[in-house]
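To start, the structure under review is shown below, and the notes come after it.
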Amino acid sequence: MAIETVTSTDAFKQLVTDVTSQAGYKEPMAFGIARVDRGQKNAEKILQANFGLINWKENFGSAAVFIKALQEANCDVDFSGTEFVATINDNFVHNAMAAFAPYVAEATGDAHKNVQVIKALSNMADIGKNFRIVFLFEDANPGSVEAVYLKLYALSQSKAELRKINLNGAFGILSNVAWVGNTPYELDYLRENEIEMKLNGTYPAVDAVDKFPRFLQHVIPADNTRILEASKVRMGAQLAAGTTVMPGASYINFNAGTLGPVMVEGRISSSAIVGAGSDVGGGASILGVLSGTDGNPISIGENTLLGANSVTGLPLGDACIVDAGITILAGTKIKIAPEELAKIAEANPEAKLEYKTTFKGAELQGLNGIHFRQDSTTGEIIARRSTREVKLNVELH
Amino acid sequence: MAIETVTSTDAFKQLVTDVTSQAGYKEPMAFGIARVDRGQKNAEKILQANFGLINWKENFGSAAVFIKALQEANCDVDFSGTEFVATINDNFVHNAMAAFAPYVAEATGDAHKNVQVIKALSNMADIGKNFRIVFLFEDANPGSVEAVYLKLYALSQSKAELRKINLNGAFGILSNVAWVGNTPYELDYLRENEIEMKLNGTYPAVDAVDKFPRFLQHVIPADNTRILEASKVRMGAQLAAGTTVMPGASYINFNAGTLGPVMVEGRISSSAIVGAGSDVGGGASILGVLSGTDGNPISIGENTLLGANSVTGLPLGDACIVDAGITILAGTKIKIAPEELAKIAEANPEAKLEYKTTFKGAELQGLNGIHFRQDSTTGEIIARRSTREVKLNVELH
Amino acid sequence: MAIETVTSTDAFKQLVTDVTSQAGYKEPMAFGIARVDRGQKNAEKILQANFGLINWKENFGSAAVFIKALQEANCDVDFSGTEFVATINDNFVHNAMAAFAPYVAEATGDAHKNVQVIKALSNMADIGKNFRIVFLFEDANPGSVEAVYLKLYALSQSKAELRKINLNGAFGILSNVAWVGNTPYELDYLRENEIEMKLNGTYPAVDAVDKFPRFLQHVIPADNTRILEASKVRMGAQLAAGTTVMPGASYINFNAGTLGPVMVEGRISSSAIVGAGSDVGGGASILGVLSGTDGNPISIGENTLLGANSVTGLPLGDACIVDAGITILAGTKIKIAPEELAKIAEANPEAKLEYKTTFKGAELQGLNGIHFRQDSTTGEIIARRSTREVKLNVELH
Numbered sequence: 001m002a003i004e005t006v007t008s009t010d011a012f013k014q015l016v017t018d019v020t021s022q023a024g025y026k027e028p029m030a031f032g033i034a035r036v037d038r039g040q041k042n043a044e045k046i047l048q049a050n051f052g053l054i055n056w057k058e059n060f061g062s063a064a065v066f067i068k069a070l071q072e073a074n075c076d077v078d079f080s081g082t083e084f085v086a087t088i089n090d091n092f093v094h095n096a097m098a099a100f101a102p103y104v105a106e107a108t109g110d111a112h113k114n115v116q117v118i119k120a121l122s123n124m125a126d127i128g129k130n131f132r133i134v135f136l137f138e139d140a141n142p143g144s145v146e147a148v149y150l151k152l153y154a155l156s157q158s159k160a161e162l163r164k165i166n167l168n169g170a171f172g173i174l175s176n177v178a179w180v181g182n183t184p185y186e187l188d189y190l191r192e193n194e195i196e197m198k199l200n201g202t203y204p205a206v207d208a209v210d211k212f213p214r215f216l217q218h219v220i221p222a223d224n225t226r227i228l229e230a231s232k233v234r235m236g237a238q239l240a241a242g243t244t245v246m247p248g249a250s251y252i253n254f255n256a257g258t259l260g261p262v263m264v265e266g267r268i269s270s271s272a273i274v275g276a277g278s279d280v281g282g283g284a285s286i287l288g289v290l291s292g293t294d295g296n297p298i299s300i301g302e303n304t305l306l307g308a309n310s311v312t313g314l315p316l317g318d319a320c321i322v323d324a325g326i327t328i329l330a331g332t333k334i335k336i337a338p339e340e341l342a343k344i345a346e347a348n349p350e351a352k353l354e355y356k357t358t359f360k361g362a363e364l365q366g367l368n369g370i371h372f373r374q375d376s377t378t379g380e381i382i383a384r385r386s387t388r389e390v391k392l393n394v395e396l397h
Numbered sequence: 001m002a003i004e005t006v007t008s009t010d011a012f013k014q015l016v017t018d019v020t021s022q023a024g025y026k027e028p029m030a031f032g033i034a035r036v037d038r039g040q041k042n043a044e045k046i047l048q049a050n051f052g053l054i055n056w057k058e059n060f061g062s063a064a065v066f067i068k069a070l071q072e073a074n075c076d077v078d079f080s081g082t083e084f085v086a087t088i089n090d091n092f093v094h095n096a097m098a099a100f101a102p103y104v105a106e107a108t109g110d111a112h113k114n115v116q117v118i119k120a121l122s123n124m125a126d127i128g129k130n131f132r133i134v135f136l137f138e139d140a141n142p143g144s145v146e147a148v149y150l151k152l153y154a155l156s157q158s159k160a161e162l163r164k165i166n167l168n169g170a171f172g173i174l175s176n177v178a179w180v181g182n183t184p185y186e187l188d189y190l191r192e193n194e195i196e197m198k199l200n201g202t203y204p205a206v207d208a209v210d211k212f213p214r215f216l217q218h219v220i221p222a223d224n225t226r227i228l229e230a231s232k233v234r235m236g237a238q239l240a241a242g243t244t245v246m247p248g249a250s251y252i253n254f255n256a257g258t259l260g261p262v263m264v265e266g267r268i269s270s271s272a273i274v275g276a277g278s279d280v281g282g283g284a285s286i287l288g289v290l291s292g293t294d295g296n297p298i299s300i301g302e303n304t305l306l307g308a309n310s311v312t313g314l315p316l317g318d319a320c321i322v323d324a325g326i327t328i329l330a331g332t333k334i335k336i337a338p339e340e341l342a343k344i345a346e347a348n349p350e351a352k353l354e355y356k357t358t359f360k361g362a363e364l365q366g367l368n369g370i371h372f373r374q375d376s377t378t379g380e381i382i383a384r385r386s387t388r389e390v391k392l393n394v395e396l397h
Numbered sequence: 001m002a003i004e005t006v007t008s009t010d011a012f013k014q015l016v017t018d019v020t021s022q023a024g025y026k027e028p029m030a031f032g033i034a035r036v037d038r039g040q041k042n043a044e045k046i047l048q049a050n051f052g053l054i055n056w057k058e059n060f061g062s063a064a065v066f067i068k069a070l071q072e073a074n075c076d077v078d079f080s081g082t083e084f085v086a087t088i089n090d091n092f093v094h095n096a097m098a099a100f101a102p103y104v105a106e107a108t109g110d111a112h113k114n115v116q117v118i119k120a121l122s123n124m125a126d127i128g129k130n131f132r133i134v135f136l137f138e139d140a141n142p143g144s145v146e147a148v149y150l151k152l153y154a155l156s157q158s159k160a161e162l163r164k165i166n167l168n169g170a171f172g173i174l175s176n177v178a179w180v181g182n183t184p185y186e187l188d189y190l191r192e193n194e195i196e197m198k199l200n201g202t203y204p205a206v207d208a209v210d211k212f213p214r215f216l217q218h219v220i221p222a223d224n225t226r227i228l229e230a231s232k233v234r235m236g237a238q239l240a241a242g243t244t245v246m247p248g249a250s251y252i253n254f255n256a257g258t259l260g261p262v263m264v265e266g267r268i269s270s271s272a273i274v275g276a277g278s279d280v281g282g283g284a285s286i287l288g289v290l291s292g293t294d295g296n297p298i299s300i301g302e303n304t305l306l307g308a309n310s311v312t313g314l315p316l317g318d319a320c321i322v323d324a325g326i327t328i329l330a331g332t333k334i335k336i337a338p339e340e341l342a343k344i345a346e347a348n349p350e351a352k353l354e355y356k357t358t359f360k361g362a363e364l365q366g367l368n369g370i371h372f373r374q375d376s377t378t379g380e381i382i383a384r385r386s387t388r389e390v391k392l393n394v395e396l397h
């Protein structure tokens, strides 16, 4: 009925082994405990999940402890589905504390973070019904708000790769809510109380109405990362250390982001990825899979410049330049002079470039070292070798 | 001196008839009771009006009750002007409660909202001087802050059509204030107290300085409407259900908005209207009457796409496409090949299109099914029949 | 050990004379007293300085009093460096109050603001360690957070000219922090407390992560200036009275801004300056020294229009028009018809314009009355005389 206090790290390991060798036990690929925000009108509706910590392909011992703590608190863990979610109670916390006993003293700072989670819960007088645990057994379509958030955390904390997580159906699972600071409100609750709140002067200051929260509501960026306005980065985006997001026309959607230090003054649409050292100029747009790329997600290489107010609708390699104000789409016809084509071929030894003078954008996708321009005397879109150095992979050549 | 408690719905109707048959009585086209925010320095200055409910060409019985309740509270209602505004007091609330007595019990949810307003007021110990009632007798230039707000609410709650309300002079009536959450502050008050507040650590976090509040400070959108950042939609804008406003370069000004579900990632300037199913791409600009359209307000039809960073300076019909990055103004010269002209004519049977190869933008305004492009081999702006289906009005043809 | 209460304005003047004639005394070019925000983890780290008042080439008598008050409080003021910063204490406040005695009664409103600062401090039970005084003896590289903020205030309160202040190294001095309203938090503090705060529901709503605060956190704009969204103007920007900053794609960086009433719907990058009566259209970009202007800071003259989504990469004179959607860079080849060249020359009597038909953008920089367009039938970028009147300086001609 309860886990007895574990008195040594060896005993802890034994406990884990006992748990994981249960018939039917499945190692979760991800798990975590969240404080959830419930609907003001409909308390059964989960509006948001706040994780102090997520585990992503790691800390399998803690997972075993949590599963055992649930079982001993009379909660059957169902391993047959792709995910399992349950409300935890004080009994669960007790059990987990007993199991973690050998680690409690040293669980501070970066050490034993799952133990810290349980310690924080054990310090509360009564944890009530607002703490939920979620396990993902595989990367299937998420089936709960907690599962969606766990995956958004994995993306935004760089524990999972962009585009590599299954978020199908997430929009259907999340509720559209009014965000007041970090607190989500049901729109219907506001409607029902509008008259009273408006007349009493207690109507809240709503920051946004959306299904997703903002990145900064949940994620602490690296010390050298800057986000000058929280609304510009959606939860589920991924920002590598050193990225700067300016507040003009910029926006980074979920499942999109940067792989290294990038200056972002434009839009990185859902599924688009930008490499280290690149620069998304003021108002520049990288099209997303839902807007003009025919489902072809765009990657931008390293050290590439997208000029102010440019539009890029195809993948680009390293060391490219798209001039300010121009648009390069898969169907754009682009002229290349023979001598420039030779230089481009040299910078892209693996590309098989036809010998001709007009290319479609799609034929140049992913190539390195291209400078896209519009000739202001003829209106022609042209490409030539950029002035930026392309670092060839020496092992390959 | 007071309205006696009305004991039946018939007696209520009689009361209304008595009031509205007074000599000189005029039915208000709109009315409402607002909690007002007054200047911190100058309490005579109304900075904002918060309506729990507005009435727009409706609820004339409640209007009669409110007028009677004012009269019995010794406030003469002046029907001779285009609007009337007064501070209400406890006496007024008492009178209105007495008149509404037959409806008080059932006034919850969506029922009897004016009664709910009076109930909320009657629950306050003392309503003080911050509640004001406003009646508009015609759609004249607004003469008070309360009248301006009543009209902005009418637009933003879709009770009035865009461009159909007289807001002349509104900028002159509203004060430029510092918004801290939902609270407006006089700039002079901040100036006078700057030293103390800065040193005491009580200087407020100012969200904006403007005459207008934001849409979300006053309006609850439909369940499937999303506004990812409150600053992007000004009070007085109108958003049809299903509209999504992204946080990049978007902005929807007052007296502008959408008529159906629209994805908004660009700018809908004052007086511009976008039809159902259309898409205002990232950074796309629809020019407003004050910026380049020569006072010709722009309507965009249904199912039309404005590409990323495009600029549209003329009205467009249904099923059009403006390619990413291009600019179409009234004076833009646009080339149309004869076979494309024939297809455009077919999609626009009522248009009288001259048989020629170069058109000015203005000659194509409001037409359906046009795809505007820039030929990237010649720089020419061209138009052709878009690939989108135009649904012709069968009754007419 | 203490300043005795000064009993007359003559005695005050004598005190100032005594102080300033000390051997080694140096008049500070700027000074002020700030409430500082210290690191939550590392209290030695100053995260922000809040000035109720700054003095910039003014109020040298108050400077002398402050220096004397420090000296009498056993704080040696070091005049040998370019700046001096110290924590003040109650003793300092006492001394300064004693010196300011003749002015205390009349120090309200706009009168004797430094005395108001001391009064506010003297009203506190204990000023603790969070008040710091800073003196700048010359405009050298700032060496402290307080010095950086003093200079940012000077720019944003229009006490110093844009581009004329030495802010070298400011980015190295300021800490990158999470801004929660007006309060900066160390990122490491959030990291250390993330688990507890997330589970307790006390994790703060972070508005931004940046080294700089926002303009409106510190500065009260003129009565006719509007900033519709605080994130759009960085601390250190300068906005002349009557400037309006819309919330779409706009942004004004530090050390950039306007010299008169300007409508800003686009980006004014660091070091760019826009003259009175000009209009930065929706999404228009003025490039900064770090992005494409080769270090040549851009000034835009008066009454010039930058069309929606245009990009301007070179300085422009008065009465110019850059059409919506076009890009003009230093290297852009621009065609000018002979008759238009004559008109441009007439509008710019001092310019030495070569007689030719194709110019580079750089050759036209700073000229008045030019209208930049793209011919939509040929794709050529052309310039002609704009329809706007250029006011020539009569004294010169």
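Heads up: the sequence lines are chains A, B and C, in that order. Going left to right, the first sequence walks through residues 1 to 397 as UniProt numbering numbers them. Going left to right, the second sequence walks through residues 1 to 397 as UniProt numbering numbers them. Going left to right, the third sequence walks through residues 1 to 397 as UniProt numbering numbers them. For each residue, glycine too, the CB sits at the ideal point set by N, CA and C. Quantities reported herein were computed from a predicted structural model and do not represent experimental measurements.
Distance between residue j and residue i (C-alpha atoms, nearest Å)
{"i": "V219 of chain C", "j": "A154 of chain B", "result": "34 Å"}
{"i": "residue 402 of chain A", "j": "I118 of chain A", "result": "Examination of residue 402 of chain A is not possible in this model, given that chain A is present from 1 through 397 alone."}
{"i": "G236 of chain C", "j": "K26 of chain A", "result": "57 Å"}
{"i": "E346 of chain B", "j": "I370 of chain B", "result": "11 Å"}
{"i": "S8 of chain B", "j": "Q71 of chain B", "result": "22 Å"}
{"i": "L167 of chain C", "j": "V148 of chain C", "result": "7 Å"}
{"i": "I33 of chain B", "j": "L216 of chain A", "result": "38 Å"}
{"i": "A101 of chain A", "j": "I88 of chain A", "result": "19 Å"}
{"i": "D188 of chain C", "j": "D223 of chain A", "result": "8 Å"}
{"i": "N50 of chain B", "j": "N193 of chain A", "result": "14 Å"}
{"i": "K360 of chain A", "j": "N130 of chain A", "result": "55 Å"}
Contact set for residue i: own chain, Cβ-Cβ below 6 Å, skip 5 residues either direction
{"i": "S122 of chain C", "result": "V93, M97"}
Burial state of residue i (16 or more Cβ within 10 Å)
{"i": "A324 of chain C", "result": "buried"}
{"i": "S21 of chain C", "result": "exposed"}
{"i": "K68 of chain B", "result": "buried"}
{"i": "F171 of chain A", "result": "exposed"}
{"i": "K13 of chain B", "result": "exposed"}
{"i": "N309 of chain A", "result": "buried"}
Close-in-space but distant-in-sequence residues of the same chain around residue i (CB under 7 Å, 5 per side omitted)
{"i": "V289 of chain C", "result": "S270, S271, G295, P297"}
{"i": "L364 of chain A", "result": "I334, I370, A383"}
Bridge partner(s) assigned by DSSP for residue i
{"i": "V233 of chain C", "result": "C:I252"}
{"i": "A222 of chain B", "result": "For A222 of chain B, which the question treats as bridged, DSSP gives no partner whatsoever."}
Given 8 Å as the limit, is there contact between the stretch 172-183 of chain B and the stretch 193-206 of chain B, that is, 3 or more CB pairs closer than that? Contact holds: three or more Cβ-Cβ distances are below 8 Å.
Do the stretch 311-323 of chain A and the stretch 270-287 of chain C make contact, defined as three or more Cβ pairs closer than 8 Å? With a cut-off of 8 Å, the stretch 270-287 of chain C and the stretch 311-323 of chain A do not count as touching, because too few Cβ pairs lie within range.
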